[in-house]
Amino acid sequence: MGCPGNQALGGALLVLAYTGLIASADGITKLLAGQYAAAQLYALSGAMVAGFCLLADRVPSLRGGFRTCCPRAMALRSVAALIAAVCFFYAFRLLPFAEVFVFIGLMPLLAGAMSGAVLKEPVRPAAWVALAAGFCGVLFLLPHGNEDAHSSWGHIIAFCAVVSGTFSMTLARFIGRYESNALAQVFYPNLTLCGAMLLFLPFVWVPMPIADVAWAAAYALLLFGARWLLVVALRLLVSYAVTPLMNLQFIWMAVIGSVFFGEFPPASTYIGGAVVIASGLYLVWDQFAPAMPRLRSSGRLQTDP
């Protein structure tokens, strides 16, 4: 698949593009979360994303069908993605936009643990040091002052979202070991999301103006692009290096929150974000460095097994 350095660089660039797309999609989620139930947004967007996958499969260079050699892992990934989507929806409804990043910042630690348990990818001590530094950065982001009941529930829901979301991404890397069909990994989770939400749609349906339908379509398009890029990136980088780099979306979330929702995080939030991002960049550098002879010295901290 190419030299490790090119893989790491390509994976890092894909994750960078992913952060911009997914943060924009999350912004639309927050915009619509106060007006519609999760079932309505996800039934519509899930159907659209599945439709985009069907259209993309007609492109000769992408045509691969939707058969998978890992049906059980795909089913688990689809269920985990369903749980994560619903939990993130309500987390964005209950918490400030950038505050959700507190919990997203925990995903690298969870990915490190799951990499060993599910993927059998040992995480070396130096990588745990970088992951721990990222967690310390997350502590800077913790909200101060008294919390109301909505915030408490929001924190619980956000934690459930990142656990299920990390498990879904770990399974994406597991499936990527055996097949290269990225569209299948986007198609089935969104088909599952659409099917599950359709069961509840008759009870929560609210008529949508054309403008909101357009927002939902934009959300689906951004989500399709983001998830496709992430599946490809997870084939190029180990998951515990991908998840810290994903924390670059904090920059996008802070900008979107301030510009569109009037949410201005304190200085400690930016300090914490910088620490988390730095830890992620170190892990990507460590993946890239083995291809650079000058850096392959015995004194360098090696985190890639």
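With UniProt numbering as the guide, the letters of the sequence shown map in order to residues 1 to 305.
Glycine included, C-beta positions come from ideal geometry on N, C-alpha and C.
On a predicted model such as this, the values are computed, not experimentally measured, just so you know.
The C-beta distance from residue 215 to residue 31 rounds to 7 Å, short enough to fall under 8 Å. The shortest CA-to-CA distance from residue 259 to any of 17, 9, 24 is the one to 24.
Going by beta carbons, residue 87 and residue 158 fall inside the 9 Å limit. With a threshold of 16 other beta carbon atoms within 10 Å, residue 178 falls short and is exposed. Taking all protein chains shown into account, residue 187 has 16 or more neighbouring C-beta atoms within 10 Å of its C-beta and is therefore buried. Check the Cα spacing between residue 213 and each of 14, 43, 12: the tightest is with 43. Counting only runs of 4 or more residues that sit fully inside the stretch 76 to 123, the alpha helix (DSSP H) segments are 100 to 104, 107 to 114, in chain order. For residue 36, there is no enclosing alpha helix (DSSP H), since its DSSP letter is neither H nor E.
Within the same chain, and ignoring the five residues on either side of residue 47 in sequence, the residues whose Cβ sits closer than 6 Å to its Cβ are 194.
When the five nearest sequence neighbours on each side are left out, the beta carbons in the same chain lying within less than 6 Å of the beta carbon of residue 83 are those of 164, in order along the chain.
Boundaries of the alpha helix (DSSP H) around residue 227: 210 to 236. In the same chain as residue 170, and ignoring 5 residues on each side of it, the C-beta atoms closer than 8 Å to its own belong to 111, 114, 115, 118, 119, 239, in chain order. Taking a contact as a CB-CB distance under 8 Å, the pair residue 245 and residue 73 does not count as one, their CB atoms being some 24 Å apart. For residue 259, the secondary structure class from DSSP, reduced to helix, strand or coil, is helix.
Rounded to the nearest whole angstrom, the CA to CA distance from residue 58 to residue 50 is 13 Å. Under the three-state reduction of DSSP, residue 178 is assigned to coil, being neither helix nor strand. Taking a contact as a CB-CB distance under 8 Å, the pair residue 15 and residue 276 does not count as one, their CB atoms being some 14 Å apart. DSSP places residue 9 in the helix class (H, G or I) of the three-state scheme.
Pairing residue 55 with residue 224, the inter-Cα distance amounts to about 12 Å. Counting the other CB atoms within 10 Å of its CB gives residue 40 a total of 16 or more, which places it among the buried residues.
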